[in-house]
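What follows is one structure encoded as structure tokens, with my remarks underneath.
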Amino acid sequence: MKHLLTIKELTQSQLLALLDLAKKIKSSPADYRHALAGKSVVMLFEKPSLRTRVSFDIGIHKLGGHCLYLDQQNGALGKRESVADFAGNLSCWADAIVARTFSHKTIEGLAEFGTVPVINALSDLYHPCQALADFLTLSEQLGDLSKVKLAYVGDGNNVTHSLMIGAAILGASMTVICPEGHFPDGLIVNEVQQLAAENGGSLVLTSDIAALEGQDAVYTDTWISMGDQTELSDIETKFNPYQINQPLMDQYKVKYFMHCLPAHRGVEVTDEVMDGKGSLILQQAENRMHAQNAVLVTLLS
Ligand code: CP
Ligand code: NVA
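This is the structure we're talking about:
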């Protein structure tokens with residue numbers, strides 16, 4: 010493993026090993042407190058963040074490393090100087106680059122032109138660190154991930170893509186329920202179908218909310234992702250039947266609720282579900298740090 014750009018680069022055993030390492034770091038942090046001693050990580054963010062920025066910063070500190078946060082005072086990466094020059098320069102000083110960019114191509118450029126590992130902290134297409142934390146959470150709750158039935162409801166986006174890829178590699182069952190016109194990217198769906206076939210997983214895409222029946226967990230995300238100029242008023246009538254609320258959880262007997270956050274309470278999910286006893290949102294948020302630390306230890310030591 011040279012970079013973490015999508016999770017597609019991982020085999021099933023590599024992915025399971027990462028989750029296993031994350032559990033070890035979570036349960037015995039003292040064993041890893043010098044794992045990144047003398048290492049510096051640069052974090053480049055073109056978009057806002059709470060969880061990703063804080064969990065990387067504090068996580069790197071807990072591993073004995075140093076991190077430097079660069080926001081984009083000068084606009085998108087590549088405007089003041091090329092992505093290639095950016096990557097080449099950062100590689101002179103840093104041991105790894107964590108990047109959150111509008112375009113996934115920018116992250117690919119950092120990996121291509123830099124000489125140090127690059128970790129995708131969210132692009133328009135993928136959010137691999139989130140999916141790793143989510144599968145860690147599901148594994149803690151449900152055990153064997155190959156038996157997990159996960160449903161994603163809402164806008165087919167970067168988070169959906171990474172969950173679909175992870176589920177397929179792990180041999181899990183994934184059902185993606187989206188309003189017409191808001192399904193995940195077709196090319197990624199094809200790749201995921203292939204991965205699922207190779208690993209014993211399954212992927213179902215539907216607009217029928219009744220597909221929630223029998224799922225272990227339902228996951229949702231914002232209906233409008235960062236960088237998308239769509240107005241809520243233009244899509245809410247179409248999306249309202251896909252709001253996750255308690256009557257829906259009860260009707261289809263779904264035990265667990267997941268969200269990458271930030272959530273729009275009262276829009277894609279109600280307070281009752283967010284704060285309900287089946288809500289895993291804070292466990293997911295905490296696991297961001299442990300999952301990312303496992304990636305850092307794997308890439309850097
Ligand atoms: N889930 C997540 O990535 O949150 P932030 O945008 O706050 O980093
Ligand atoms: N899909 C969301 C995820 C935020 C963590 C976005 O891209 O804005």
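Residue 10 is where the sequence shown starts when you use the working numbering, and the numbers rise one by one after that.
Where a beta carbon is used, it is the ideal one built from N, C-alpha and C, also for glycine.
Distance CB(residue i)-CB(residue j) smaller than 8 Å
{"i": "L289", "j": "Y265", "result": "yes"}
{"i": "S182", "j": "A140", "result": "no"}
{"i": "L214", "j": "F248", "result": "no"}
{"i": "L308", "j": "A26", "result": "no"}
{"i": "A177", "j": "L204", "result": "yes"}
{"i": "I34", "j": "A303", "result": "yes"}
{"i": "G87", "j": "L45", "result": "no"}
{"i": "V276", "j": "Q255", "result": "no"}
{"i": "G180", "j": "S155", "result": "yes"}
{"i": "S64", "j": "Q301", "result": "yes"}
{"i": "G123", "j": "G97", "result": "yes"}
Beta-bridge partners of residue i, as assigned by DSSP
{"i": "V198", "result": "Bridge partners of V198: none, in fact."}
{"i": "D29", "result": "D29 pairs with nothing; no bridge assigned."}
{"i": "F337", "result": "A question about residue 337 goes unanswered here, because the residues of the chain that appear run from 10 up to 310."}
{"i": "F54", "result": "D80 and R109"}
{"i": "F266", "result": "V227 and S288"}
{"i": "S49", "result": "H75"}
{"i": "L13", "result": "I128"}
{"i": "R274", "result": "V278"}
{"i": "I253", "result": "V278"}
Option in the options with minimal Cα separation from residue i
{"i": "D80", "options": "F54, D66 and H70", "result": "F54"}
{"i": "N167", "options": "P137, N208 and E295", "result": "P137"}
{"i": "K56", "options": "A108, G165 and Q150", "result": "A108"}
{"i": "M298", "options": "H70, D94, Q23 and S310", "result": "H70"}
{"i": "V185", "options": "Q203, T124, V51 and T169", "result": "T169"}
{"i": "E18", "options": "V127, L77 and V92", "result": "V127"}
{"i": "R62", "options": "E295, S310 and V306", "result": "E295"}
{"i": "V162", "options": "A226, L59, S36 and L179", "result": "A226"}
{"i": "G195", "options": "A219, L134 and E240", "result": "L134"}
{"i": "A220", "options": "V201, K262, A103 and L119", "result": "K262"}
{"i": "S148", "options": "C101, L119, Q292 and N129", "result": "Q292"}
{"i": "W102", "options": "T246, D284, Q150 and K48", "result": "K48"}
{"i": "L14", "options": "L99, R60, E121 and S310", "result": "E121"}
{"i": "Q21", "options": "R89, G209 and S64", "result": "G209"}
{"i": "K274", "options": "D230, V306 and G287", "result": "A small correction: the amino acid at residue 274 is Arg; Lys does not occupy that position in the sequence shown. Among D230, V306 and G287, the Cα nearest to that of R274 belongs to D230."}
{"i": "I16", "options": "G285, I174 and D217", "result": "I174"}
{"i": "S234", "options": "G165, Y41 and I197", "result": "G165"}
{"i": "C187", "options": "D29, E117, I116 and E245", "result": "E245"}
{"i": "S132", "options": "E240, R42, D29 and S112", "result": "S112"}
{"i": "Q224", "options": "K158, T279 and G118", "result": "K158"}
{"i": "H12", "options": "L119, E240 and H268", "result": "L119"}
{"i": "D243", "options": "I253, L77 and W232", "result": "W232"}
{"i": "A272", "options": "S58, S37 and A39", "result": "S58"}
{"i": "E222", "options": "T239, Q260, E189 and A206", "result": "Q260"}
{"i": "M258", "options": "G287, E240, G236 and C269", "result": "G287"}
{"i": "R60", "options": "A130, D94 and G97", "result": "A130"}
{"i": "A85", "options": "G123, H75, G236 and V51", "result": "G236"}
{"i": "I253", "options": "Y228, Q238, D29 and D153", "result": "Y228"}
{"i": "L24", "options": "F65, F144 and C269", "result": "F144"}
{"i": "L114", "options": "A31, E207, R42 and A93", "result": "Reading off the sequence shown, one finds Lys at residue 114, where the question assumed Leu. Among A31, E207, R42 and A93, the Cα nearest to that of K114 is on A93."}
{"i": "D29", "options": "N199, T239, S310 and A142", "result": "A142"}
{"i": "C269", "options": "T146, S100 and A39", "result": "T146"}
{"i": "Q150", "options": "E207, M267, A39 and V51", "result": "M267"}
Cβ-heavy atom distance, residue i to the ligand ATP, below 7 Å
{"i": "L79", "result": "Inclusion of the ligand ATP in the displayed structure is not the case, the ligand content consisting of the ligand CP and the ligand NVA alone."}
Counting only runs of 4+ residues fully inside the stretch 194–238, write out the alpha helix (DSSP H) ranges in chain order. If only uninterrupted alpha helix (DSSP H) runs of at least 4 residues are considered, those enclosed by the stretch 194–238 are 195–208.
Ordered list of beta strand (DSSP E) runs contained in the stretch 127–190, each at least 3 residues: Whole beta strand (DSSP E) segments, 3+ residues: 127–129, 158–162 and 182–186.
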